[in-house]
Amino acid sequence: MKQHQRIAVVDFGGQYAHLIATKVRRQRVLAEIRQPEDPIEAFEGFDGVILSGSPALASHGEDGDWNKGILDLPVPVLGFCFGHQEIAKHYGGEVVHGGREWGAAQMELTRGDHPLFAGLGPTEQVWMSHFDSVTAVGPDFEELGHTASGEGGTAHRFAAIGSDKLRRYGFQYHAEVDGTTNGETMIRNFVVGICGCEPTWDMDAYIDREVERIRAHVGERSVFLLASGGVDSTVAAKLLRMALPPERLRLLHVDNGLMRKDESAGVLEMFNDLGLGDVLEFVDASDDFIGALDGLTEPEAKRRAIGDTFIAVFEREARRLGIEGHLLGQGTIYPDTIETGGTKRAHTIKTHHNRVPIIEQMISEGRVVEPLAELYKVEVRELGKRLGIPHDALWRHPFPGPGLGVRLLCSGGTDEAPAVQAEMDAITDGTALTAQALPVKSVGVKADLRCYEHPVLLTGDAPWDDAIDVTRRLLQHVPQVNRCIWNLSTTAPTALGSRAATMTRDRLDLLREADHLVMEGLVRHGIYGDIWQCPTAMIPLAMEGGDEFVVLRPVHSARAMIAFPAELPKALLDELAVQIGALDGVGCVAIDLTSKPPGTIEWE
Ligand code: XMP
């Protein structure tokens, strides 16, 4: 097989670390993740190294015991954020706690002629997210760019530093996120310009490598793949089919009772159309899942119950079909791992169904095959296209393994709304909107950490941009809230209170109907493909006129690591307010205006 030049990305555990690898691969250069304590042999054969950001503080020496031998490697090294600060420190510079900057900043290039900045203008928008900063550089280093933003306003800050003699460089900003407008050019300048990598890698190279890896891993055994029919498992199925002879691959589609309306019938048809019908098995296990969820209200407990039940059903079906000893196949993609805290330093935001402890155990025993585990959804779709999967199957909205299970909120009925009315009123004052905090919680992510806090309901007739602006300010300034939703009716719900509710078939059926109306509406208005994903969540809240509160969550995203609320046409929102509002038991319908962070895409 052809050898490609490679970059090692050292994962210090920031939520965006893996994005760096993706952005390098987009330059057609292979990138692989390494851990900071890996032995130096693990870095053999690489042509350059990038050190990621981290939730740790370099100023306090946190996470400072990584393998510094990496900095003795005879190849160029570039650090982002924490990595930048560690490089500055190592070579005699100074890092202090302070000088924080958040969000977009303007970087003036001190050395606009430097090869790292080839093709860029004198000022570049960069994305900052740091508490610590570099205040002095060592003797061999120079400033390559600076900002004047951030706390205190006045100080001049090192935004980019470097030593051409040592071939060591640092960016205080995150070149890997889209908020750094020309971040990809900077990454290309490093990997191609400074490290000298030839851009030879592409998805075909990935397919070749994965096929080899699958064959080596599976050996004489066979694979039994959990196939939900979503983009990931469908692409994984095609790839496994390519790597293995037909008698060594079986697919299992499980109806877990948490699927969309008529979903399983559609999935079976799709696998037949893809020529995989001969290896497909189907089981209706909705009783198992609904039974396992009975009485649970806490999101992580629900997620674990769903993940465990998948394995119990998988093993039972394997026995029934007489195919024990097979490897478990899954279409796991990278965000499933990172959000579960699956890299050593990352915090658990939520446990994805394919990362529950029993599966982690099977992985450590080498009993799981996951050919997409390094990829993001955009890359999976590109791979699927190369494997001949039709556009419509590839561009279905992502649907999580736990399905409606994480969209149907349950409650012990004891939640109280936080006492933040005065703070909220100070922000809505002078706008057409009123705000009320709700007595329920949902999962979010703040500064790389999980949060479980309250949504705020906005009511009032206002332009979309005003509602987005109020949302941004509320989420920035009001404590104990991580989400903002906007009432589709101009009348605020009355007699609002928390209500005990669990996962029942009736509630699931009601959510399924609401979700179906939303999906139909997106298609009817010709905007299904413009939106990355549109979950519909249902919350048990007692109010006048109904016991369920329905929330639409349309988002734009590329990799699900960050997301922005998607504006839906007013006509569609009006139709959905009427249609969903008419379902028996629905008391209020709203649209979620929260970006990720601080809200996650799913409510649980
Ligand atoms: P969050 O809610 O973390 O979701 O912003 C990010 C993306 O991941 C999907 N998701 C899951 N997918 N198993 C999956 O296969 C899961 O357990 C799971 N949880 C969330 C979610 O739908 C979104 O696309």
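In the working numbering, the protein residues as written are 28 to 631. A virtual CB, placed ideally from N, CA and C, is assigned to each residue, including glycine.
Rounded to the nearest angstrom, how far is the Cβ of residue i from that of residue j, given a contact under 8 Å?
i	j	result
residue 64	residue 35	No, residue 64 and residue 35 are not in contact; Cβ-Cβ is about 14 Å, not under 8 Å.
residue 544	residue 429	Between residue 429 and residue 544 the Cβ distance is about 22 Å, and since that is not below 8 Å, they are no contact.
residue 227	residue 55	6 Å
residue 290	residue 434	No, residue 290 and residue 434 are not in contact; Cβ-Cβ is about 14 Å, not under 8 Å.
residue 488	residue 517	5 Å
residue 617	residue 460	Between residue 460 and residue 617 the Cβ distance is about 12 Å, and since that is not below 8 Å, they are no contact.
residue 74	residue 224	5 Å
residue 586	residue 405	6 Å
residue 566	residue 436	5 Å
residue 258	residue 411	7 Å
residue 141	residue 189	7 Å
residue 588	residue 43	7 Å
Looking at ligand 1, does it come within less than 8 Å of residue i, judged from the CB to the closest heavy atom?
i	result
residue 633	As shown, the chain starts at 28 and ends at 631. That puts residue 633 outside it, with no answer to give.
residue 259	yes
residue 507	no
residue 39	no
residue 590	yes
residue 287	no
residue 381	yes
residue 27	A query on residue 27 cannot be resolved here, the shown segment of the chain reaching from 28 to 631 and no further.
residue 581	no
residue 290	no
residue 629	yes
residue 63	no
residue 363	yes
residue 376	yes
residue 69	no
residue 54	no
residue 562	yes
residue 250	no
residue 636	Residue 636 lies beyond the residue range present for the chain, which begins at 28 and ends at 631; the question has no answer from this structure.
residue 330	yes
residue 578	no
residue 204	no
residue 340	no
Going along the chain, which residues of its own chain have a beta-carbon closer than 7 Å to the beta-carbon of residue i, five neighbours each way excluded?
i	result
residue 21	Outside the displayed range of the chain (28 to 631) lies residue 21, so it cannot be described from this structure.
residue 442	466, 467, 468, 525
residue 389	355, 395
residue 444	464, 465, 466, 481
residue 387	none
residue 264	252, 254, 278, 303
Exposed or buried, which one is residue i when buried takes at least 16 other CB atoms within 10 Å?
i	result
residue 45	buried
residue 522	exposed
residue 415	exposed
residue 557	exposed
residue 143	buried
residue 50	buried
residue 268	buried
residue 292	exposed
residue 438	buried
residue 584	buried
residue 457	exposed
residue 595	buried
residue 492	exposed
residue 28	Because the pLDDT of residue 28 is 45, which lies under 50, any placement of that residue in the model is unreliable, and the number read from its coordinates should be weighed accordingly. When all chains shown are included, residue 28 counts as exposed.
residue 479	exposed
residue 32	buried
residue 246	exposed
residue 391	exposed
residue 476	exposed
residue 166	exposed
Please work out which residues of its chain come closer than 6 Å, Cβ to Cβ, to residue i, disregarding the five sequence neighbours upstream and downstream, and give them in chain order.
i	result
residue 621	510, 511
residue 619	512, 578, 580
residue 179	At residue 179 the pLDDT is 49, less than 50, meaning the model places this residue with poor confidence; the figure from the coordinates comes in the next sentence. If we look at residue 179 and ignore the five residues flanking it on each side, it has no Cβ neighbours.
residue 198	107, 111, 187
residue 78	37, 106, 110
Between which residues of its own chain and residue i is the CB-CB distance below 8 Å, once the five residues before and five after are set aside?
i	result
residue 350	249, 251, 277
residue 394	354, 355
Does chain B have any CB closer than 9 Å to the CB of residue i?
i	result
residue 128	Note that chain B does not occur in the displayed structure, where there is just one protein chain.
Worksheet item: Counting Cβ pairs closer than 8 Å, one from the region 297-307 and one from the region 592-609, do we hit at least three?
Response: no
Discussion item. Any contact between the region 112-131 and the region 159-166? By contact I mean 3 or more CB pairs, one from each, below 8 Å.
Written reply: yes
Worksheet item: Below 8 Å, can you find three or more Cβ-Cβ pairs linking the region 345-357 to the region 320-327?
Response: no
Discussion item. Assess contact between the region 465-476 and the region 413-428, defined as three or more Cβ pairs (one per stretch) separated by less than 8 Å. Is contact present?
Written reply: no
Worksheet entry | Touch test, the region 199-213 against the region 140-159, Cβ-Cβ under 8 Å, three pairs minimum | yes
Discussion item. Taking contact to mean 3 or more Cβ pairs, one atom from each stretch, closer than 8 Å, check whether the region 103-116 and the region 194-202 are in contact.
Written reply: yes
Discussion item. Does the structure place the region 214-233 close enough to the region 124-138 that three or more beta carbon pairs sit under 8 Å?
Written reply: no
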